[in-house]
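Numbering (my numbering), first residue to last: 1345 to 1454.
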């Protein structure tokens, strides 16, 4: 760890990774606290992968459709709704914010 702190490039990468993680946590907190809650339907589950140090890692994006608080139908993507098994066609409860309706946050199954 000490060697990493002496390397400016490694330090910059660590700051960027930490910043991205902090931003994602803040966004989740903001949406859960101030977002509009509504019911959505899982319309499509997209499997994605990337190569990591442990081999290929898979993750999923869950595409949803929902009606916002003004009555407009929207589409969004939920990344990996943890702690819950959801399938295409399932109804779920989400929260979203007006400035980023395409990125709702999974709350629970409906």
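For every residue, glycine included, the Cβ atom is placed at its ideal position computed from N, Cα and C.
Bear in mind that the values here come from a model prediction, so they are computed numbers and not experimental data.
Could you have a look at residue 1407 and say whether DSSP puts it in helix, strand or coil? Residue 1407: strand per DSSP, three-state reduction.
Using a threshold of 8 angstroms, state whether the C-beta atoms of residue 1440 and residue 1367 are closer than that. no
Residue 1412: which of 1398, 1434, 1448, 1433 sits nearest, CA to CA? 1448
Going along the chain, which residues of its own chain have a beta-carbon closer than 8 angstroms to the beta-carbon of residue 1417, five neighbours each way excluded? Closer than 8 angstroms at the Cβ level, and outside the excluded window around residue 1417, lie 1409, 1410, 1411.
What residue range does the beta strand (DSSP E) around residue 1385 cover? 1380-1396
Can you tell me which of 1422, 1419, 1356, 1442 puts its alpha carbon nearest to the alpha carbon of residue 1378? 1442
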